[in-house]
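Chains as they are written, first to last, in the UniProt record's numbering: chain A, 1 to 730; chain B, 1 to 730. First the structure, in the form of structure tokens, and then the observations on it.
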């Protein structure tokens, strides 16, 4: 086997690549068509531009020592980020089985897991014996050579899609482009004496007084996204899928909020007034020592003081007409204050409202003139310089917070070689930013991107407020990771395994058929159903196709929460095990099962089946499937169930009779034991018949229906539930 | 609904039935053909004969008080047995859903579970508030009426088989016939002053000196049993199935051992000499105070003493020419003593040897003249009165112990409404008795019956010794009840569920196919296989069809014991759960899978796959299926496995990769985790490939093969095992 070193000697790659300032400006690569040789060269150039452009950024540090300072107590020092983007290429190519061997296993361990601001922000406090900057530089050269070698020799065809061998390369490039921006933020957070200006990264010289802001009408319109792989450009998994929204008319501020406009909030005591802040905002406000935006610097100026702005590598007198940079919590507090003082419904836009504004203003079409893609300055510019339609800076200058926690579009799938890029952000704690900043490049500005950060994080990000009475619907998009809840999500809404049809749908159909053939229900269209043990609700929803109303009860509030969420929001996210702790990420919707239109007929409540409130009565059909062998006193439920049924009504009962002392003490088993008196085996159906036979009549069954519950990718519970259908005769 | 009382009034039954002494003699009922009306009357008569004949036996008790004495510290008083046979009818008809309601639920609880000498002999010490004898008599009358009513009205057809509604009636009758005999033993164990002679139960007046015993040749021959439901007569489940044996020539004693012949052993100090006794025999000998047969009574007679014999209801001077009555341990000790003193291979016959003797002597053909079926006396008779061929008392007089612990014939199935009649006796602790006694009636004497008692129990039983050098093979017939062992017995040898073929057979075939297509094995017929993790051995046996030798290793000695037993004895018994604690009884044989002829090519040993002895090397094929995710250090096994393989050899590896910390600490998982260094998901196949790739080459796979493990009647694990096949290149 050739060593990596030998491979490098064989390489046709002509390193080093010679970077010029114009290389910092990116042109998105079209991936879905082209000529192989040309595309190979284009991607190679894009890779080297990015790889060396990233290194260029670190020239703003005054010394190697600056690489080892923590810009923030919660982050690694920059040396980590310097190595990290190189290691990322190696790791992704390695797990895609495209690289013959690692470049430097020790470095690739050290630089692999860090503090990704898009991921968890808890810092690993283990001692890191960081290598020297020169060692990392040498390592980066090795990786650069290996990737060039790979690009030179890989066989590929069009489209370059998720499964293309070039996808990990594109992923690595775009990953590095993200870090170009986020590292610029970290550099901006270093002490000013650790950084120095750099002529490739010039600060805008224009500053002055801000224009008067005001709101301008955005007409109602639709947002329609249907973005699928393969697509024209590289995309992160969260960008794909289908999304449709109707956006009512609203008004949006013409300008991003400037430092000057924001100063009013600061001077109005905004940082001291908890009323303006959300609960999360107040928690952050009490934690942070600053009473002003984080990049604002107050310096003595004679008897009073003067405001300065910290740029990436310089401090300059406050440019009042530049956009203010704040986190989402500050932006939200400003809007509350503004709404309070004006009496108008001022708030942050949702993602959909931003998209509507962008389309209305045709901002993407004029992006070439915006302060974006490092095509103008390495800093903000005045808020009134780049206009499209009635609005300024709809793209570029600084990112714009939305009030939308990021969520998956319908049809979302996790990219298998980077399953922790997006999924950890589906937690209702990461809000979407839109528009891009002066240093946003590549995928960040192709119009599809959806980046999200924790609401207290700082980026080169500010905001534009809007005025609207419309309520913003927040998608509940936390991944359900509770093992049993997720398992039942998959059981109800997931794949079919071993050719066994959806059990919840099957038994809903059994209940519907039983009702259709019940003479006492003839001509009735007002049938009320009670499902006891509805779990995460699929069968209740399915039954709502036929019945007038369905009430689903379950002992577990965790299950009921999912059923409710599906009813209200139409979708659920969950993770299920593949092997060991490696998880698969799933999104399921009511829409894909045609249940959206009937969900409103369902209600869900937490309730103990053995101790149900008297109010639960008067049902035409009661369904209790896979319930009784999980009750602590099943006989009590069965003894009372007829009281809750209308005359002529039906009970659909089913269970695999898996009696376990964990759930039901042996003395309460309905069967599956030798009778103490007679010594004879008592089967569960006998026990059920003895109880139900007093008040109900068996009208169908017993018959068995199979069901499959997935435990891992290769292990399943495959069971049979025995059904009996009982009638309360008139 | 009609009450039971009303039903009785409606009954056409002409109770009471008028019993005469001749009714005590039974005629077996032909069940497989006949006329419905005639058969109804015949069975009804047989029922009433039996029911009232049983009551007649209790007339030997001097008073009602005698019903409440315990004949033995380990047994219920006779009042239990008096009620029990009636309750049995009600219980069996109830669980067969043939009786509209119970007769007396309290009695039927009290009289249901007792000390059945064919079942467990541990006594329930709970206080019993026994009813009066008159109450039980009245209860018996009620039951008799109910059963007569049932017989009068039940619809049935021929054959009357296991599923016939008359089967529970026949079962009840034959059950009562057993208790007629066993109660006669209990009465025989009551103090003599509690019993009285009865003219329906006369003691034989003939007694005298015993004839000289000697052995007579029985030529070699076959035993062939193929007894299936429906059969001519009623049978207990243990009588059905297929059995074949070749019996070598032996010599058998002409007479049963008489009291006189046995006296020699007693006087030779047989009860004081541990050498003559088995381990179990010595344990019993030390426990029991008697130094002579239990029904022998020594009474002062002037200066010395004289021997008497306790009969059922009388004591008589010792009839020396009657057969001695002993338990199996005493009979065995006598044979040891006799062998020692004569230097000849004297021992008890096996069941097969008895059957061969019975056929050779044509004893069944002359049964009408034997002391059996209460047709002569209510006691033994001299050993030289009933001759058939060269032998006396081959049937009748007293039962004859065999040295065969009862075991199921091939194809044994448990009768569902009486699953504890036979199965608890398959424990290697219950020896078969043959031939019947003076009070054996009904099924007991139809030639098919197989009764077995604990070796220390007393019946009207003695023995005949034989002389033979042939070794007696004992069937190991304990039901495996260890949950996981029984589960794997079913997994390997049991039913196929959900249409998934036998997994062990499937992967054996995969190994065979891999070997057949391996060029390095061309022309080889001496291939050696090592199966690591062979569990209960099915795949090892299957592989022996093709390979020259198969060594199966497993960490669990419990599994290896089953594999060994199958190799040695060809069958296994186990119980698996249906619902809760209700079990299904299973018997499986190698023969039914065509594995008997190749089993000798297999060996099984306990071994830790992670720490295998160096001696295990030089194999052409190593098979390790569903193993690695149960090892505490799977990497160690994989790293070393190539050393145990010959050059050109194959490794067949498979697993569902179900990693659990219970078996494998997380640091030892081969996959299913995020790499700590890189943060990337590591799948198990990658981990395997990394280790095995060093020394072996992947030649086939990965591909998945499904398997199903039954947990209950309605719950299964349905999994997929991923196979890879690796080769050690020359």
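Virtual Cβ for every residue (Gly too), placed ideally from N, Cα, C.
When the distance is taken between beta carbons, is residue 384 of chain A closer than 8 Å to residue 205 of chain A? no
If we cut at 8 Å on Cβ distances, does residue 658 of chain B have a partner in chain A? yes
Using DSSP with H/G/I as helix, E/B as strand and the rest coil, what is residue 286 of chain A? helix
Residue 715 of chain B: contacting residues in chain A (beta-carbon distance under 7 Å): 656, 658, 717 and 719
Under 7 Å by beta carbon: chain A residues contacting residue 680 of chain B: 91 and 95
Name the two residues that bound the continuous beta strand (DSSP E) containing residue 602 of chain A. 602–606
Can you list the residues of chain A that residue 498 of chain B reaches, using a CB-CB cut of under 9 Å? 498, 500, 706 and 718
DSSP state of residue 64 of chain A mapped onto helix, strand, coil: helix
Along chain B, which residues have their Cβ under 8 Å away from the Cβ of residue 130 of chain A? What residue 130 of chain A touches in chain B: nothing, since even the nearest Cβ is about 15 Å away.
Residue 282 of chain B CB to nearest heavy atom of the ligand ATP below 7 Å: The ligand content of the structure shown is nil, which means the ligand ATP is not present either.
With a 10 Å radius around its C-beta and 16 neighbouring C-beta atoms as the bar for buried, classify residue 535 of chain A as buried or exposed. buried
At 7 Å on the CB atoms, spell out the chain A contacts of residue 419 of chain B, in chain order. 681
Beta-carbon separation (whole angstroms), residue 730 of chain B vs residue 520 of chain B, contact threshold 8 Å: 6 Å
For residue 89 of chain B and residue 398 of chain B, I'd like the C-alpha separation in whole angstroms. 28 Å
Is it the case that the segment 417–426 of chain A contacts the segment 359–379 of chain A, given that we only count it when at least three CB pairs across the two stretches are under 8 Å? no
Near residue 252 of chain B, which residues of its chain fall below 8 Å by C-beta distance, leaving aside the five closest residues on each side in sequence? 215, 216, 218, 349, 353, 357, 391, 464, 465, 466 and 467
Which residues in chain A sit within 8 Å of residue 684 of chain B, going by Cβ to Cβ distance? 579 and 580
Taking C-beta pairs closer than 9 Å, name the residues in chain A that residue 108 of chain B reaches, listed in chain order. 677 and 678
What whole-angstrom Cβ distance do residue 487 of chain B and residue 714 of chain B have, given they're in contact under 8 Å? With 8 Å as the limit, residue 487 of chain B and residue 714 of chain B do not qualify as a contact, their Cβ atoms being about 15 Å apart.
Classify residue 647 of chain A: buried if its beta carbon has 16 or more other beta carbons within 10 angstroms, exposed otherwise. exposed
Could you give the distance in angstroms between the alpha-carbon of residue 739 of chain B and the alpha-carbon of residue 726 of chain B? Chain B is shown only over 1 to 730; residue 739 of chain B falls outside these bounds and no answer can be derived.
Output yes or no for whether 8 Å exceeds the beta carbon distance between residue 720 of chain A and residue 706 of chain A. yes
What residue range is occupied by the uninterrupted beta strand (DSSP E) comprising residue 706 of chain A? 697–712
Give a yes or no on whether 8 Å exceeds the smallest Cβ distance from residue 307 of chain B to chain A. no
Segment contact, 8 Å Cβ cut-off, at least three pairs: the segment 587–595 of chain B with the segment 506–520 of chain B: no
Alpha carbon to alpha carbon, how far is residue 553 of chain A from residue 321 of chain A? Give it in angstroms, no decimals. 58 Å
Simplified DSSP assignment, three categories, for residue 501 of chain B: coil
Helix, strand or coil at residue 619 of chain B according to DSSP, with G and I counted as helix: strand
Whose C-beta lies closer than 7 Å to the C-beta of residue 56 of chain B among residues of the same chain, with five residues either side of it excluded? 19 and 200
Chain-ordered neighbours of residue 671 of chain B on chain A, where CB pairs are closer than 7 Å: 579 and 580
Run of the beta strand (DSSP E) containing residue 175 of chain A, from where it starts to where it stops: Per DSSP, residue 175 of chain A belongs to no beta strand (DSSP E); it is in the alpha helix (DSSP H), 167–189.
Alpha carbon to alpha carbon, what distance is there between residue 409 of chain A and residue 157 of chain A? 28 Å
With a threshold of 16 other CB atoms inside 10 Å of the CB of residue 660 of chain A, please say whether the residue is buried or exposed. exposed
Taking 8 Å as the threshold (beta carbon to beta carbon), is residue 422 of chain B in contact with chain A? no
Beta-carbon separation of residue 183 of chain A and residue 81 of chain A under 8 Å? yes
CB of residue 431 of chain B within 8 Å of CB of residue 453 of chain B, strictly: yes
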